[in-house]
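Residue numbers (the numbering used here): 3 to 268.
Everything below concerns the one structure shown next.
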Amino acid sequence: MNDIAKKSTIPMFYWSAERNFGDELSSAVVEWVSGYPTKLVETNYANKLVAVGSILERARNGDIIWGSGVHPTQHDLFWQKPVRKWYRKTQERETDIEVWAIRGPLSRDALLYRGVECPERFGDPGVLTALVYPKSRDPNKKWGLIPHFRDKDVLDGNDIHVINVHDKWENVVDQIIQCECIISSSLHGIVVAEAYGVPAIWLRTLSGEGFIKYMDYYAGTGRIPNPRYSLDDALKTPFPPVPDLRPSQQDLISAFDKSKVKRIVI
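Right, here's the structure in full:
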């Protein structure tokens with residue numbers, strides 16, 4: 003880390019209301035790619051970085067977006083007038099946003115609809131986890147189940163290895179690479195598994211998380227998703243192919259502009 007980075011911090015927002023390994027990846031990945039430490043800030047903090055997560059609606063004028071995506075149940079609020087407490091009390095749309103990369107084409111469409119310029123550069127920064135924390139696969143379990151935190155009570159108790167999304171992200175990775183295949187209702191369970199070359203099956207549940215963020219990620223990696231709607235069905239599914247995520251990794255790294263990020267460091 004250089005002298006400037008030692009004295010400076012990147013302010014960034016990620017979801018922190020409840021501990022979740024996928025959201026905590028945001029800080030780890032940004033610190034790895036930038037060389038700067040990061041600081042979690044509130045939604046209305048001006049000039050921040052918005053990275054891992056379905057948090058586009060949290061972007062404000064002056065912010066930088068790097069790989070974020072639209073939220074399945076809140077994307078309609080993204081271009082409407084403020085109706086929730088975390089929105090500014092103004093009718094003004096937030097359009098002065100700098101976009102370096104976006105999770106997928108559905109999120110890009112949301113930005114374009116809102117009048118925000120957005121490149122066709124797709125990728126979830128979670129795919130960089132395997133570069134941030136290099137680990138080799140060492141499978142000793144056939145199935146790993148990663149339930150979204152909304153699904154945990156529903157899916158607990160089955161005779162497969164359950165990985166807790168509330169655990170530290172490094173511990174989650176260490177468990178993922180021990181599995182031959184991951185079944186996940188957590189988006190970043192899928193993203194991180196595939197980053198390490200582990201086949202992943204999307205288990206679509208009725209948790210209220212919707213489907214947009216999953217479709218967005220799959221479309222951003224050039225695929226049409228094939229979800230399973232029950233655990234029994236997922237367990238009968240052949241292991242799916244693992245996509246080549248190297249293009250997404252390279253696009254995300256290239257898109258992170260270390261000279262421009264100095265505009266927001268504190």
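C-beta: ideal position from N, C-alpha, C; glycine also.
Quick one: grab the DSSP three-state call for residue i.
i, result
"histidine 73", "coil"
"tryptophan 17", "coil"
"arginine 248", "helix"
"arginine 152", "In this prediction, arginine 152 scores a pLDDT of 47, lower than 50, which makes its location untrustworthy; the coordinate-derived value is nonetheless stated afterwards. Coil."
"serine 109", "helix"
"phenylalanine 23", "helix"
"histidine 190", "helix"
"glycine 1", "With the chain covering only 3 through 268, there is no way to say anything about residue 1."
"glutamate 33", "helix"
"glycine 159", "Any answer about glycine 159 is weak, because its pLDDT of 48 lies below 50 and its placement is not dependable; what the coordinates show is given next. Glycine 159 falls in the coil class under three-state DSSP."
"valine 43", "coil"
"alanine 221", "helix"
"alanine 236", "helix"
"isoleucine 268", "coil"
"glycine 117", "coil"
"valine 167", "coil"
"isoleucine 99", "coil"
Between residue i and residue j, is the Cβ-Cβ spacing less than 8 Å?
i, j, result
"valine 193", "tyrosine 38", "no"
"histidine 190", "glycine 24", "yes"
"alanine 48", "arginine 60", "no"
"threonine 207", "serine 188", "no"
"valine 101", "valine 118", "yes"
"valine 2", "alanine 30", "Because the chain spans 3 through 268 in this model, residue 2 falls outside it and cannot be assessed."
"glutamine 177", "isoleucine 165", "yes"
"glutamate 182", "lysine 144", "yes"
"leucine 247", "threonine 131", "no"
"glycine 55", "tryptophan 17", "yes"
Rounded to a whole number of angstroms, what is the C-alpha to C-alpha distance between residue i and residue j?
i, j, result
"serine 256", "threonine 11", "21 Å"
"valine 175", "proline 243", "19 Å"
"glycine 106", "aspartate 126", "8 Å"
"proline 240", "isoleucine 203", "9 Å"
"tryptophan 88", "lysine 238", "Low confidence applies to tryptophan 88: its pLDDT is 38, below 50, so where it sits in the model is not reliable, and the reading given next is rough at best. Cα to Cα, tryptophan 88 sits roughly 43 Å from lysine 238."
"lysine 262", "aspartate 235", "47 Å"
"glutamate 196", "threonine 223", "11 Å"
"threonine 45", "tyrosine 115", "22 Å"
"asparagine 22", "asparagine 173", "12 Å"
"aspartate 98", "serine 232", "42 Å"
"glutamine 252", "valine 35", "11 Å"
Candidates the options: which alpha carbon is nearest residue i's?
i, options, result
"leucine 147", "Val52, Pro201 and Asp65", "Pro201"
"cysteine 120", "Gly71, Lys143, Ser18 and Pro141", "Gly71"
"glycine 212", "Thr223, Arg225, Gly222 and Pro229", "Pro229"
"serine 109", "Ala132, Gly64, Ala53 and Thr131", "Ala53"
"glutamate 20", "Asp169, Arg265, Leu233 and Ala221", "Asp169"
Which residues in the same chain as residue i place their Cβ atom closer than 6 Å to its Cβ, once the five residues preceding and following it in sequence are excluded?
i, result
"alanine 103", "Trp68, Gly69, Arg123, Gly125, Leu254 and Ala257"
"leucine 51", "Ile12, Met14 and Ile66"
"phenylalanine 171", "The residue you asked about is not phenylalanine; residue 171 is tryptophan in the sequence shown. So the qualifying residues of the chain are Phe23, Glu26 and Leu27."
What residues in its chain sit with their C-beta under 7 Å from that of residue i, if we drop five residues either side in the sequence?
i, result
"glycine 199", "Arg139 and Val244"
"methionine 217", "Leu108 and Pro227"
"histidine 40", "The sequence as given places threonine at residue 40; histidine does not occur at that position. Around threonine 40: Thr11, Ile12, Met14, Ser29, Val32 and Glu33."
"alanine 221", "Gly106, Pro107 and Leu108"
"arginine 225", "Pro245"
Between which residues of its own chain and residue i is the CB-CB distance below 8 Å, once the five residues before and five after are set aside?
i, result
"isoleucine 179", "Lys137, Ser138, Arg139, Asp140, Pro141, Tyr198 and Val200"
"aspartate 259", "Trp102"
"tyrosine 219", "Gly71, Arg105, Gly106, Asp126, Leu189, Ile192 and Val193"
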